[in-house]
Ligand SMILES: C[S@@+](CC[C@H](N)C(=O)[O-])C[C@H]1O[C@@H](n2cnc3c(N)ncnc32)[C@H](O)[C@@H]1O
């Protein structure tokens, strides 16, 4: 993992800076706000679903010590915000699996929908912060935490997902073929894959060059925030596995 490749990161220490910067996404999405309470980062996602408390809130421990995944990344906030606005019906009775979850923000946001069945996954050093964040949001039993290293065999206790989520997982070139392999292992042509990424020094082009042998993709156009995050070089796409 090469954290030096990353930019636009948000930690609780960096919040003061983030609050005043237009290049950080914490303040950019109109439906999203945040606060820091007792050392925890709290995200509040606005939505129009009456069956869920308004706004939907996620409390997060953030901690840079296990690596870049211990921080909350803009692409994760964008994907979480999109899914919260899509609402509970989208995930109802479907297995949702997140790759490279880091703090677990995206999966924990989705896990608050009743009847959601969510697996958040990452490498071993992140499992502790993911477990802490699941407990913090009282989602034990609805959000499962599992180790899943890209390129390795999918653990047998992870069921076939109907929806795969990934946010800000395109940044370290040696991992690109591993990530493509895992997406290919997990998906069938009917699996919905939402993939939010930030363009970084043309690395994304090399990643999509590998991906196109197995998947096609299209930009998600129904997100009202799309133009806002496109200006931050962030794109949300839906991947479909080729038959
Ligand atoms: C930039 S962070 C994004 C974290 C989170 N999705 C977000 O948006 O805040 C990238 C994540 O990918 C994970 N990752 C990197 N290489 C991986 C690999 N080979 N297998 C599994 N996860 C990996 C990292 O541990 C990290 O949590």
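In the working numbering, the protein residues as written are 871 to 1113. We put the beta carbon where it would ideally sit given N, CA and C, even for glycine.
Skipping 5 residues on each side, what residues in its chain have a beta carbon closer than 6 Å to that of residue i?
i	result
residue 994	1017
residue 1110	1086
residue 1066	945, 948, 949, 1037 and 1106
residue 968	976, 977, 990 and 1035
Check whether the Cβ of residue i lies closer than 8 Å to any heavy atom of ligand 1, and answer yes or no.
i	result
residue 1045	yes
residue 983	no
residue 1108	no
residue 976	yes
residue 971	yes
residue 993	yes
residue 1093	no
residue 1085	no
residue 1007	no
residue 1102	no
residue 1064	no
residue 1054	no
residue 1003	no
residue 933	no
The alpha helix (DSSP H) with residue i in it runs from where to where?
i	result
residue 1048	1046-1056
residue 1100	1096-1100
residue 1075	1073-1081
residue 1006	997-1006
residue 948	944-956
Please work out which residues of its chain come closer than 8 Å, Cβ to Cβ, to residue i, disregarding the five sequence neighbours upstream and downstream, and give them in chain order.
i	result
residue 998	936
Less than 9 Å between the C-beta atoms of residue i and residue j, yes or no?
i	j	result
residue 1103	residue 1069	yes
residue 938	residue 977	no
residue 1049	residue 1031	no
residue 951	residue 1006	no
residue 955	residue 901	yes
residue 1079	residue 1051	no
residue 928	residue 982	yes
residue 1053	residue 1084	yes
Along the chain, where does the beta strand (DSSP E) containing residue i start, and where does it finish?
i	result
residue 992	987-992
residue 1086	1085-1089
residue 1042	No beta strand (DSSP E) holds residue 1042; DSSP gives it neither H nor E.
residue 1117	In this structure the chain extends from 871 to 1113, so residue 1117 is not present and cannot be described.
residue 965	965-969
residue 1013	1013-1017
residue 1069	First-last for residue 1069: undefined, no H or E at that position.
residue 929	926-930
residue 978	Here residue 978 belongs to no beta strand (DSSP E); instead the alpha helix (DSSP H) covers 975-981.
Can you find the residues in the same chain that come closer than 7 Å, C-beta to C-beta, to residue i, ignoring five residues on each side of it along the sequence?
i	result
residue 891	With a pLDDT of only 32 at residue 891, under the threshold of 50, the placement of this residue in the model should not be trusted; the figure read from the coordinates follows. Taken in chain order, the list of residues that qualify is empty.
residue 1010	1004
residue 882	Note that residue 882 has pLDDT 46, beneath the 50 cutoff, so the model's placement of it is unreliable and the number below is only indicative. Hits under 7 Å: 906, 909, 911 and 932.
residue 919	957 and 958
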